[in-house]
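Trainee:
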Amino acid sequence: MKTHFMRKTADLTATAALCCCMAISTAILGASLAFLTSKGWGALTWEFITEPPRAGMTEGGIVTPIVGSVQLIAVSMAFAFPVGILTAIYFNEYAADGTLTRLLRLAIRSLASVPSVVLGLFGFAFFCSFLRFGVSLLSAGLTLGCLAIPTLITAAETALQNVPQDFRDASYALGATQWQTIYRVVLPSALPSIITGGILCVGRVAGETAPIMFTGAVYFSPGFASSIFDTVMALPYHIYVLATAGTQIDKTGPIQYGTILVLLALTLGISMTGIVARSHMRKKL
Amino acid sequence: MPKSAYGKMAASGARWSEKAPRGIVTAAALSGIWLMGFIILFLIKEGMPILSEVSILDIASGNRWYPVSSPPRYGMLPLFAGSCAVTLLSCVIAIPFGTAVALFISDVCPERAREFCKVSLEILGFLPSVVLGFLGMVVLAPWMQAKFELLSGLNMLNASFLLGVMILPTIATLSEDSLRAVSQSLRDASYALGATRFETMFKVVLPCASRGIVSAAILGMMRSVGETMVVLMASGGAALIPRFITDPVRPLTSTIAAEMGETPVGSPHYHALFFMGCLLMLFTCLLNMLVMKIESARRAK
Chain E
0 MKTHFMRKTA DLTATAALCC CMAISTAILG ASLAFLTSKG WGALTWEFIT
50 EPPRAGMTEG GIVTPIVGSV QLIAVSMAFA FPVGILTAIY FNEYAADGTL
100 TRLLRLAIRS LASVPSVVLG LFGFAFFCSF LRFGVSLLSA GLTLGCLAIP
150 TLITAAETAL QNVPQDFRDA SYALGATQWQ TIYRVVLPSA LPSIITGGIL
200 CVGRVAGETA PIMFTGAVYF SPGFASSIFD TVMALPYHIY VLATAGTQID
250 KTGPIQYGTI LVLLALTLGI SMTGIVARSH MRKKL
Chain R
0 MPKSAYGKMA ASGARWSEKA PRGIVTAAAL SGIWLMGFII LFLIKEGMPI
50 LSEVSILDIA SGNRWYPVSS PPRYGMLPLF AGSCAVTLLS CVIAIPFGTA
100 VALFISDVCP ERAREFCKVS LEILGFLPSV VLGFLGMVVL APWMQAKFEL
150 LSGLNMLNAS FLLGVMILPT IATLSEDSLR AVSQSLRDAS YALGATRFET
200 MFKVVLPCAS RGIVSAAILG MMRSVGETMV VLMASGGAAL IPRFITDPVR
250 PLTSTIAAEM GETPVGSPHY HALFFMGCLL MLFTCLLNML VMKIESARRA
300 K
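What follows is the structure, encoded as structure tokens:
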């Protein structure tokens, strides 16, 4: 029979081990952020974020990729946000439990599990070649949108489910039709948490590289994309290029760390905004 | 009254102002099916022509991937082995670790620190993969090279470790959800019988949440199979069947990412890359179906 002492020891050991695991995972995050910040801090100047790259990207700043990333996010969200919300409305307000709905759920789940590089292949074959959008901001944005749609649907659906049924009943009792109820009652009360979900989604999309590598992001472009059919530079792809393809990797060192810090500030900044807004909203409920 | 019953009432009124939004919403929702259909269709359309160049047997058993030599060789075995090896090693690292983190948050962590732990996990999940890949190149690789006296620090272990870090938040968060779903009364009953916290966690809570943890692990694995930037930057990129965990590998995803930009559209090489896309898609679909099966069994219970 196990003694009391042994059981107590096992208990303490397990607790310590679990604490260690959590501590390690926090430490990995903390150490990475601290390392990148300390290395990149020196490169961050006003010129760095307001000037385009010069001299084979060994000098100058990164304003072109920053603007490119923002443009990509804008295009992808312009596509994914309406589709995401409307699909969630369909699931939560209209859909009857039938074959079509089940098929749609299956499709969305599969879409969520498609590897990002495979989405990039699809984007190249479909948007660039088949629809003749070419390698462009539009193609890359739409491909990123495909990546964002499943996440957005889940976020919007949760938000719609959290709208109390009483709200709908009250609206119907006042004689409102179904669409009036959705548009005037359900959507406005779900909108804050839908937008929070959208913000979290933007944070994820901003850091993606694989889907845009062959659909729209380029190694270098002299200026900003002025139409949606132009190619763009993007922050994550810029990091990849500087780290692997540069001929003068030692010269671009500070620029690499600076670019990473800007990308981190962008993605984590957006995500933290989302997380804070979400916890704020949970408290209100 | 079920929600859809309102819809039927409204539809019987058959007014244009009701029908139009309903039609638009339904049409937009169906774009998900279209999109998925197009993805499958285009992958197959662009990937299958390779089979008229090389037999499926050569692709599956050939261990030479020389797509640009003449004659070109399209043996995908080393790439496939690379994908499997990296994925399995990352799961070996991340699944026990992720489950432990989940157990900590659900059963050990004091209430006040819980939110902090969850947010730190979530932020770890928001780190862009290109940044992790970069860390692998500039921090992990030189360290490994010096520590284990290797030819190159860019290898399977490096990539698997980073992939493990990437999928850790997925596994931990989902596992924690299912651990929290185990009712408190079960824990109370176990404590009342005199069990320690360790015994309660491992003999009561973990078995109850096992299905949820398994599906979390599979979802993590799915992300690991499809992850590109980390393996592209940190795995070394040699198309060899790995014999040891410090050998460099070239998984399917990184092959696609590295070679897609340089290949002419419509060439056999191009089709071969799409064929890899089909393989990856097939693999994730199988894993996805497994998860759905586990979930429906859980619901039935």
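So the protein sequences, as listed, match chains E and R.
If you read the first sequence in numbering that gives the first Met the number 0, its first letter stands for residue 0, the second for the next number, and so on.
If you read the second sequence in numbering that gives the first Met the number 0, its first letter stands for residue 0, the second for the next number, and so on.
Virtual Cβ for every residue (Gly too), placed ideally from N, Cα, C.
1) Check for me: the alpha helix (DSSP H) holding Lys292(R) runs from which residue to which?
2) Should Pro210(E) and Thr142(E) be called a contact, given that it needs their Cβ atoms to be closer than 7 Å?
3) Is the separation between the beta-carbon of Thr227(R) and that of Thr252(R) shorter than 7 Å?
4) In chain order, what residues of the same chain have a beta carbon less than 6 Å from the beta carbon of Pro52(E), not counting five sequence neighbours either side?
5) So which residues of chain E does Ser119(R) contact, with C-beta pairs closer than 7 Å?
6) Restricting to runs no shorter than 4 residues, where is the alpha helix (DSSP H) found entirely within the segment 100-169 of chain E?
7) Decide if the segment 248-268 of chain R is in contact with the segment 28-35 of chain R; the criterion is three or more beta carbon pairs, one per stretch, under 8 Å apart.
8) Could you pull the DSSP bridge partners for Trp142(R) from this structure?
9) Taking 7 Å as the CB-CB cut-off, is Lys292(R) touching chain E?
10) Whose Cβ in chain R lies nearer than 8 Å to the Cβ of Ser270(E)?
11) Pull the bridge partners of Arg53(E) from the DSSP assignment, please.
12) Bridge partners for Arg72(R) per DSSP, in chain order?
13) Cα-Cα, which of Ile181(E), Pro114(E) and Thr98(E) is closest to Gln160(E)?
14) Grab me the residues of Gly119(E)'s own chain with a C-beta within less than 8 Å of its C-beta, minus the 5 sequence neighbours each way, in chain order.
15) Which residue comes first and which comes last in the alpha helix (DSSP H) that contains Thr243(E)?
16) Would you say Ile32(R) faces chain E, with C-beta separation under 7 Å as the test?
17) Quick one: using the 10 Å Cβ neighbour count with 16 as the cut-off for buried, is Thr2(E) buried or exposed?
18) Determine the contact status of Val231(E) and Leu146(E), defining contact as a CB-CB distance below 7 Å.
19) Spell out the partners DSSP gives Val231(E) in its beta bridges.
20) Since Ala233(E) contacts Ser68(E) with CB under 8 Å, what's their CB separation in whole angstroms?
21) Considering Gly202(E), what are the terminal residues of the alpha helix (DSSP H) in which it resides?
22) Please list, in chain order, the chain R residues whose beta carbon lies closer than 7 Å to that of Leu102(E).
23) Anything in chain R within Cβ reach of Cys145(E), meaning under 9 Å, just list it in chain order.
24) Under three-state DSSP, which class holds Val181(R)?
Mentor: Once the coordinates are examined:
1) Judged by DSSP secondary structure, Lys292(R) falls within the alpha helix (DSSP H) whose first and last residues are Pro267 to Ala299.
2) yes
3) yes
4) Gly59
5) Thr25 and Leu28
6) 115-122 and 136-160
7) no
8) Paired residue(s): none; Trp142(R) is not in a bridge.
9) Lys292(R) does not count as touching chain E.
10) Under the 8 Å cutoff, chain R gives Glu121, Ile122 and Phe125.
11) According to DSSP, Arg53(E) bridges with Glu58(E).
12) In DSSP, Arg72(R) forms a bridge with Tyr65(R).
13) Ile181(E)
14) Thr142, Ala209, Pro210, Ile211, Met212, Phe213 and Thr214
15) DSSP places Thr243(E) inside the alpha helix (DSSP H), whose first and last residues are Leu234 to Thr243.
16) yes
17) exposed
18) no
19) Val231(E) pairs with Ala216(E).
20) 5 Å
21) Leu186 to Ala205
22) Ile32
23) Residues of chain R passing the Cβ test: Leu34 and Ile38.
24) Coil, per DSSP.
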